[in-house]
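Numbering (the UniProt record's numbering), first residue to last: 1 to 634.
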């Protein structure tokens with residue numbers, strides 16, 4: 001799931017709570033460990049006062065009452081707490097839902113009492129039980145403050161007022177869904193997902209091995225050697241405390257087994273992350289590089305929704321290229337033009353918001369000013385409010401098209417929720433689309449001709465061309481990348497014909513903002529090369545020449561077809577991709593009864609064709625032999 005994104009779900013009847021809003025919060029997006037915070041709406045019971053709201057975060061034993069946590073964050077007034085959640089004090093329906101939580105919070109009516117209450121709910125494993133009660137209480141209170149900063153919404157920062165504002169935002173989303181004003185979030189929606197690219201996975205693996213193995217091993221050995229050298233750092237031998245194999249052993253183990261994480265973590269690590277690259281043919285290799293696998297148990301028969309084709313996969317995931325059997329829907333492939341973003345700097349975005357676009361920062365903002373404003377989020381962090389969202393979104397997109405903001409920046413205006421979300425994080429799936437203004441494509445025939453002559457390049461179409469001058473290039477982008485969340489807020493035409501047929505005189509006039517580059521780009525690499533994609537998806541299995549340098553390569557297992565052939569029928573996409581290495585042969589196939597030997601799924605092949613070399617292959621296998629000198633006593 002995406003980090004720093006508050007999502008609301010309803011829960012099964014077996015749980016004590018009926019609804020929950022949860023967020024995976026990480027201080028530095030996709031780099032640090034994410035800590036989950038959950039806000040739960042409990043079911044009414046015989047003992048409880050009503051449907052109360054409680055919060056759970058890391059290292060807390062029991063769920064904390066909502067009002068007590070707000071008071072621990074420095075918000076003592078009940079009215080101010082309600083205003084942080086409701087925004088509109090005339091919304092009596094939402095205020096009524098907070099009454100049971102208000103009564104439950106009477107156990108601690110000020111910040112000191114709230115901190116003392118939370119200190120009793122900490123999961124402390126290294127408490128000095130021999131110390132006095134006063135010392136233990138002081139230690140607990142210090143941990144409450146430290147752990148609130150570290151584990152409770154760490155992406156917001158250390159400011160307690162900002163944490164209180166974001167907590168109020170989460171509870172507001174929860175109550176909006178409970179009261180039927182907004183729909184619950186969908187776990188399978190691609191806007192709520194992030195894809196871990198190889199770089200992010202290796203970074204995570206290195207971080208785990210460095211912090212949990214190398215540092216801990218270093219601390220242990222330093223303490224041990226200090227005792228031996230009478231607590232003198234001067235006499236400490238560095239080669240005794242720094243072991244070069246600690247770090248690379250864990251990384252090598254993960255690559256060798258495919259189990260991603262620490263060996264000591266056991267079954268909690270995802271499996272099958274590192275796999276051997278298929279070299280059957282060039283098509284299979286390209287498909288393997290664009291494979292996306294969900295971390296879901298394939299044998300789980302009850303897990304049905306993640307396997308289904310979700311509407312948000314349009315244009316980013318191939319709807320046809322998925323295996324049969326237990327892996328169906330779990331293993332997907334990127335569409336032709338889909339791209340996975342990397343994390344980019346948020347400084348240009350924050351500079352534009354604060355200096356040029358008139359955003360009011362949250363610091364020192366009166367709570368009553370939030371009511372009639374639009375909340376602005378950057379990578380999930382609530383940074384301010386704005387009173388003119390149409391102008392804000394228009395100027396942000398203009399800055400992206402002019403290259404001032406990164407071209408992969410996601411800009412989403414949720415009108416119903418009064419939110420503008422700006423995303424620069426990694427793991428989002430984006431795709432290029434033509435820009436449409438006033439029902440006309442911004443890209444013209446002249447631009448197409450200059451592109452064909454080599455006068456313009458792809459970056460010029462995106463508004464970031466550096467090889468041509470401003471007078472020779474394009475002043476603003478004619479193609480831009482959209483992620484799944486932003487594409488949902490745009491009107492996208494399937495073909496330019498849709499624009500030609502669209503007229504204000506029609507009963508329904510579409511205000512198109514973008515147009516597909518071509519309908520065929522919704523498919524993946526393999527399916528794009530298959531003429532009849534609904535009947536033949538086995539292109540990855542055909543043998544051929546997988547690489548022109550196969551004689552010099554040291555592949556574990558490889559097969560080379562002696563007489564590969566070009567297919568009789570191909571697709572335009574295959575020609576554009578440039579598959580110059582053929583795989584397979586054109587065979588004459590007949591379905592008929594002949595001598596009775598072709599029952600069931602058996603095949604009869606003409607012996608003369610085989611003698612002439614049909615389907616003849618050479619198999620290559622790499623073996624390794626070591627020769628060492630050993631002294632054998634006689």
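Yeah, the Cβ is synthetic: ideal placement off N, Cα and C, and Gly gets one too.
Per DSSP, reduced to three states, the secondary structure at residue 389 is helical. Secondary structure at residue 615: coil, using DSSP grouped into helix, strand and coil. Residue 380 carries a coil assignment under DSSP once its states are collapsed to helix, strand and coil.
Here residue 111 has 71, 72, 74 and 76 as same chain residues with Cβ atoms under 7 Å from its own Cβ, once five neighbours each way along the sequence are excluded.
By the Cβ-count criterion, residue 387 is exposed, with fewer than 16 other Cβ atoms from all chains shown falling within 10 Å of its own Cβ. Judged by their CB atoms, residue 326 and residue 298 are nearer to each other than the 9 Å cut-off. Under DSSP, the beta-bridge partners assigned to residue 9 are 20. By the Cβ rule, the stretch 479-493 does not count as touching the stretch 448-456, because fewer than three pairs are nearer than 8 Å. By the neighbour-count definition (other C-beta atoms within 10 Å, threshold 16), residue 454 is an exposed residue. Comparing C-alpha distances from residue 416 to each of 173, 196, 333 and 464 shows the shortest one belongs to 173.
DSSP places residue 544 within a strand segment (E or B) once states are collapsed to three. In the structure shown, residue 86 adopts helical secondary structure according to DSSP, grouped into three states.
Nearest in C-alpha terms to residue 548, of all of 186, 54 and 579, is 579. Between the alpha carbons of residue 16 and residue 431 lies a gap of roughly 42 Å. Burial is judged here by how many other beta carbons sit within 10 angstroms of a residue's own beta carbon; residue 282 has at least 16 and is buried. Taking a contact as a CB-CB distance under 8 Å, the pair residue 312 and residue 484 counts as one, their CB atoms being some 5 Å apart. For the stretch 540-586, the full-length alpha helix (DSSP H) segments reaching 4 residues or more read 572-577 along the chain. Under the DSSP assignment, residue 483 falls in the beta strand (DSSP E) whose first and last residues are 479-483. If you draw a straight line from the Cα of residue 90 to the Cα of residue 421, it is about 27 Å long. Residue 284 sits in a helix when the DSSP states are folded into three classes.
Boundaries of the alpha helix (DSSP H) harbouring residue 161: 160-178, taken from the DSSP string. In summary, residue 96 is exposed, with fewer than 16 beta-carbon neighbours lying within 10 Å of its beta-carbon over all protein chains present. Distances from the CA of residue 190 to each of 460, 69 and 340 were compared; the closest alpha carbon is that of 340.
Contact between the stretch 47-64 and the stretch 126-142 is absent: fewer than 3 CB-CB pairs across the two stretches fall below 8 Å. Sorting 168, 435, 4 and 84 by C-alpha distance to the C-alpha of residue 193 places 4 at the top. Going by C-alpha positions, residue 541 is about 14 Å away from residue 581.
Contact between the stretch 143-158 and the stretch 18-27 is established, with three or more Cβ pairs separated by less than 8 Å.
By DSSP's assignment, residue 331 forms a beta bridge with 293. In the three-state reduction of the DSSP assignment, residue 264 falls in the helix class. In its chain, beyond the 5 residues on either side, 67, 70 and 75 have a beta carbon closer than 7 Å to the beta carbon of residue 81. Inter-residue distance for residue 151 and residue 22 is about 14 Å (C-alpha atoms, whole angstroms). Taken atom to atom, the span from the alpha-carbon of residue 241 to that of residue 211 is near 16 Å.
Exposed is the label assigned to residue 244, since fewer than 16 other Cβ atoms lie within 10 Å of its Cβ. Straight-line spacing of the CA atoms in residue 529 and residue 58 works out to 49 Å. Judged by DSSP in its simplified three-state form, residue 374 adopts strand.
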